[in-house]
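Some notes on the structure that comes next.
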Amino acid sequence: MAHPSDSPEIQDQDAKQALEKLKKTFESFSRPIDLILFAYPAEDNPFTQAIRQVIRAFRQITDKIAFREFSLDHELARKYNVAYSPTLVVAPERYQIHWIGAPMGEEGRTFLEMLMLVGRGDSGLSQQSRTVIARIAEPRDVKVFVSPSCPYCPQEAVNALRAAVEAPDRIRLEIIDIQCQPEIADEYEAHSVPQAFANDVQIGLGAQSEEVFCASLLKLEPQTIFIPESDAELVETDVVIVGGGPAGLTAGIYTVRSGLKTAVIEREALGGQVATTPVVENYPGFTQVGGKTLVDILVTHALEYVQIFQGEEVVDITPGEPIVVQTSRRKFKTRTVILATGASHRQLGAPGEKRLAGRGVSYCATCDGPLFRGRRTIVVGGGDSAVTEALFLQNMGVEVTIVHRRDRLRAQAHLVKNLEDAGIPVIWDSEVEEILGRDRVTAVRLVNRKSGEKQELAVDGVFVSIGYVPTVGLAEKIGVALGEDGYIARDARHRTTVAGIYSAGDVEGGYKQIVTAAGQGAEAAMSVFEDLVNPYWKREG
Ligand SMILES: Cc1cc2nc3c(=O)[nH]c(=O)nc-3n(C[C@H](O)[C@H](O)[C@H](O)COP(=O)(O)OP(=O)(O)OC[C@H]3O[C@@H](n4cnc5c(N)ncnc54)[C@H](O)[C@@H]3O)c2cc1C
43 MAHPSDSPEI QDQDAKQALE KLKKTFESFS RPIDLILFAY PAEDNPFTQA
93 IRQVIRAFRQ ITDKIAFREF SLDHELARKY NVAYSPTLVV APERYQIHWI
143 GAPMGEEGRT FLEMLMLVGR GDSGLSQQSR TVIARIAEPR DVKVFVSPSC
193 PYCPQEAVNA LRAAVEAPDR IRLEIIDIQC QPEIADEYEA HSVPQAFAND
243 VQIGLGAQSE EVFCASLLKL EPQTIFIPES DAELVETDVV IVGGGPAGLT
293 AGIYTVRSGL KTAVIEREAL GGQVATTPVV ENYPGFTQVG GKTLVDILVT
343 HALEYVQIFQ GEEVVDITPG EPIVVQTSRR KFKTRTVILA TGASHRQLGA
393 PGEKRLAGRG VSYCATCDGP LFRGRRTIVV GGGDSAVTEA LFLQNMGVEV
443 TIVHRRDRLR AQAHLVKNLE DAGIPVIWDS EVEEILGRDR VTAVRLVNRK
493 SGEKQELAVD GVFVSIGYVP TVGLAEKIGV ALGEDGYIAR DARHRTTVAG
543 IYSAGDVEGG YKQIVTAAGQ GAEAAMSVFE DLVNPYWKRE G
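In our numbering, the protein residues as written are 43 to 583.
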């Protein structure tokens with residue numbers, strides 16, 4: 043039976059309500075936002091057209107946006123140091139924010155967030171982050187490279203926007219769409235997104251939590267962890283769920299529906315691995331659905347129930363009664379924890395891989411594919427993900443060859459057929475021995491596992507798709523036992539070896555599918571509920 047909220051009338055009503063809310067938010071802004079677009083006037087550039095359209099749409103709902111457009115050779119362009127078409131200069135009387143390109147796809151979210159931050163004139167940074175930004179004494183010239191198809195990009199771009207709003211005197215920001223201006227990305231050797239630079243030094247590769255971004259901006263080098271100096275904020279819950287993938291989000295829906303106060307904590311993009319999956323064809327109810335669309339549906343549903351703390355990383359957990367969960371921003375005191383930390387991509391381990399990560403070596407075709415249009419790439423791997431990514435890249439206009447270590451693919455039959463139909467070549471029985479290039483990937487050296495023969499293949503990009511390893515660092519740190527296979531050991535009710543700590547999803551091993559992760563999330567949540575009513579650790583103790 044269809045859910046009542048599926049009806050067109052209710053959807054229409056929801057859209058109207060959202061629009062009214064947006065109008066009210068704009069009305070609350072104390073000053074108009076001055077947007078100045080610089081572009082070549084007669085230019086038939088899709089990015090220029092798109093940005094004009096977006097601004098026109100916003101101006102139809104609010105008079106709080108003032109808009110002017112000038113040619114790139116206008117003296118104002120020189121005044122604001124604008125060199126690329128199109129560039130949007132945002133509220134230049136107060137801030138130093140330039141948007142190079144257009145807010146398309148995922149970047150639409152960033153654009154709306156930017157208008158909110160600038161309109162309110164408040165960065166919305168956490169107290170921890172404000173303290174870090176206050177320590178930055180010298181100016182910072184920040185560049186964040188993004189692409190419309192990258193689900194991780196809005197997080198990094200919004201981090202930088204918050205910093206630019208927090209310290210407008212010291213922080214100048216350019217958000218650069220790599221599809222619109224690939225040559226700037228080339229100049230910075232930024233061949234994956236998001237990437238952040240400050241004063242021409244790379245400070246972030248991938249999406250960072252807000253506090254880690256601010257610390258990296260202060261130190262002018264990428265930081266990996268941020269532990270707050272004080273107990274700035276303390277939240278008490280019944281359940282903390284670590285991970286906002288399908289397992290964690292489903293668990294959140296179930297625990298809240300059982301009446302348990304719950305927090306879901308996600309350090310990167312909500313949806314986990316699904317956020318970067320081009321197409322899903324085996325999730326019940328959908329013949330075919332884009333990974334990002336499925337994530338939107340899942341997240342919208344979860345948000346009906348559960349509070350989600352996104353962009354926050356769980357850095358430590360101290361078991362006990364209560365269990366204390368330390369994130370990069372605050373502390374949670376909780377009765378139980380569900381570890382739904384999923385899995386992350388496996389690395390090749392070949393020389394050159396680490397050094398050239400983000401400079402031609404990529405683990406996310408959806409994010410970085412646009413940078414390789416018309417260029418030569420290989421996808422390393424032979425499973426479903428490798429084949430899906432190769433098909434996705436070819437569809438985008440990327441020249442792609444699969445390199446596989448065996449003589450047949452492990453992918454599902456219909457994917458293999460699609461690959462054959464698309465005419466994507468496969469180099470069989472071969473491994474990548476080394477990834478070559480000084481500042482960016484220029485070639486790979488392959489070795490044939492049967493004949494021992496070596497060959498050098500000139501390529502611009504290497505997409506690594508050789509499977510996933512469970513994200514168990516946190517579990518290990520707190521003494522949760524792992525099985526021989528390296529996944530979390532748990533009983534039939536998803537209880538780990540540490541009292542009050544449960545697991546769900548890919549981190550437990552098994553089939554590693556969206557539907558199984560969601561199922562495990564539901565099961566773990568129901569176990570938590572039953573155990574909180576009648577704690578097994580007290581019964582057994
Ligand atoms: C390219 C690709 C294609 C796929 N295609 C399909 C498909 O077609 N069909 C299908 O069924 N499955 C598919 N899968 C597999 C499916 O996406 C996974 O099985 C599923 O996402 C697992 O869900 P999960 O919630 O267990 O983990 P994940 O999706 O991995 O989510 C875990 C989340 O936990 C977060 N996290 C980890 N540590 C911390 C921490 N310390 N603090 C805060 N957050 C943390 C991570 O950032 C992540 O977002 C595909 C996977 C990939 C990569």
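From the three backbone atoms N, C-alpha and C, an ideal C-beta is built for every residue, glycine too.
Bear in mind the structure is a predicted one, so any value in this text is a computation, not a measurement.
Look at the alpha carbon of residue i and the alpha carbon of residue j, and state the distance between them as a whole number of angstroms.
i, j, result
"V483", "V440", "15 angstroms"
"F434", "P320", "7 angstroms"
"P210", "A125", "21 angstroms"
"Y194", "T408", "11 angstroms"
"A57", "G332", "22 angstroms"
"Q59", "G479", "53 angstroms"
"D183", "K261", "13 angstroms"
"G494", "Y553", "34 angstroms"
"D164", "M158", "9 angstroms"
"T104", "S70", "11 angstroms"
"L259", "A311", "21 angstroms"
"R535", "S300", "17 angstroms"
"A44", "F328", "Bear in mind that a pLDDT of 44 at A44, under 50, signals an unreliable position, so the number given afterwards is only what the model happens to contain. So the two alpha carbons sit approximately 14 angstroms from each other."
"Q102", "A202", "28 angstroms"
"I142", "Y296", "42 angstroms"
"S507", "I420", "10 angstroms"
"R110", "Q95", "14 angstroms"
Excluding the five sequence neighbours on either side, which residues of its own chain have a C-beta within less than 6 angstroms of the C-beta of residue i, listed in chain order?
i, result
"L291", "L340, A344"
"Q562", "A289, A546, G547"
"F100", "I107"
"R214", "Q138, D183"
Using beta-carbon positions only, say whether residue i and residue j come within less than 8 angstroms of one another.
i, j, result
"A6", "F414", "Limits of the chain in this structure are 43 at one end and 583 at the other, which puts residue 6 out of reach."
"E476", "G394", "yes"
"D219", "P190", "yes"
"A249", "Q170", "no"
"L114", "I78", "no"
"S404", "F505", "yes"
"A584", "I444", "The structure shown does not extend to residue 584, since the chain is modelled only from 43 to 583, so the question has no answer here."
"L390", "V429", "no"
"R491", "R447", "yes"
"A399", "L154", "no"
"V18", "Y137", "Since the displayed the chain opens at 43 and closes at 583, residue 18 lies outside it and no answer follows."
"L516", "L381", "yes"
"V132", "Y122", "no"
"Q352", "G286", "yes"
"K106", "F80", "no"
"P145", "I226", "no"
Tell me which residues share the same chain as residue i and place their Cβ nearer than 7 angstroms to its Cβ, disregarding the 5 neighbours each side in the sequence.
i, result
"R532", "T538, S545, E550"
"I556", "P288, V316, V322, Y325"
"R401", "E231, H233, D481, R482, V483"
"V540", "P361, I520, G521, V522"
"P412", "S189, S191, I220, Q221, M438"
"Q330", "V321, E323"
"A464", "L433, Q436"
Indicate whether at least one CB of chain D lies closer than 8 angstroms to the CB of residue i.
i, result
"V331", "Of the protein chains in the structure, only one exists, and it is not chain D."
For my contact list, residue i and residue j are in at a C-beta cut-off of 8 angstroms; report their separation, rounded to the angstrom.
i, j, result
"A108", "I139", "So it is not a contact: roughly 15 angstroms between Cβ atoms."
"V281", "I307", "Actually they do not touch by this definition, with Cβ atoms about 11 angstroms apart."
"T279", "T383", "That belief does not hold up - the Cβ atoms of T279 and T383 are roughly 18 angstroms apart, past 8 angstroms."
"I543", "V379", "5 angstroms"
"T90", "S127", "7 angstroms"
"V357", "I267", "6 angstroms"
"V337", "G313", "3 angstroms"
"R418", "V298", "Not really, about 49 angstroms apart at Cβ, beyond 8 angstroms."
"K185", "F239", "5 angstroms"
"F187", "V254", "The pair is not a contact, with the Cβ atoms about 18 angstroms apart (cut-off 8 angstroms)."
Take residue i and list the residues in its own chain whose beta-carbon comes closer than 8 angstroms to its own, dropping the five residues that flank it on each side.
i, result
"S386", "Y510, V511, T513"
"P364", "E278, K375, T376, R377"
"K496", "E475, R487, L488, V489, N490"
"L167", "I175, R204, A205, E208, E252, C256"
"I466", "A432, L433, Q436, V442, T443, I444"
> Where in the segment 122 to 190 do unbroken runs of the beta strand (DSSP E), each at least 3 residues long, occur, reported from the N-terminal end onward?
Replying inline: 129 to 132, 139 to 142, 182 to 188
> Enumerated in chain order, which unbroken segments of the alpha helix (DSSP H) with a length of 4 residues or greater are wholly contained in the segment 385 to 451?
Replying inline: 407 to 410, 426 to 437
>> So within the segment 479 to 529, which uninterrupted beta strand (DSSP E) runs reach at least 3 residues, ignoring any that extend past its ends?
In response: 485 to 490, 496 to 500, 503 to 506, 510 to 512
>> Going residue by residue through the segment 282 to 340, where are the continuous alpha helix (DSSP H) segments of at least 4 residues, counting only ones entirely within it?
In response: 288 to 299
>> Going residue by residue through the segment 209 to 267, where are the continuous beta strand (DSSP E) segments of at least 3 residues, counting only ones entirely within it?
In response: 213 to 219, 237 to 240, 243 to 247
> Can you list, in chain order, the stretches of the beta strand (DSSP E) that have 3 or more residues and sit fully within the segment 56 to 89?
Replying inline: 75 to 81
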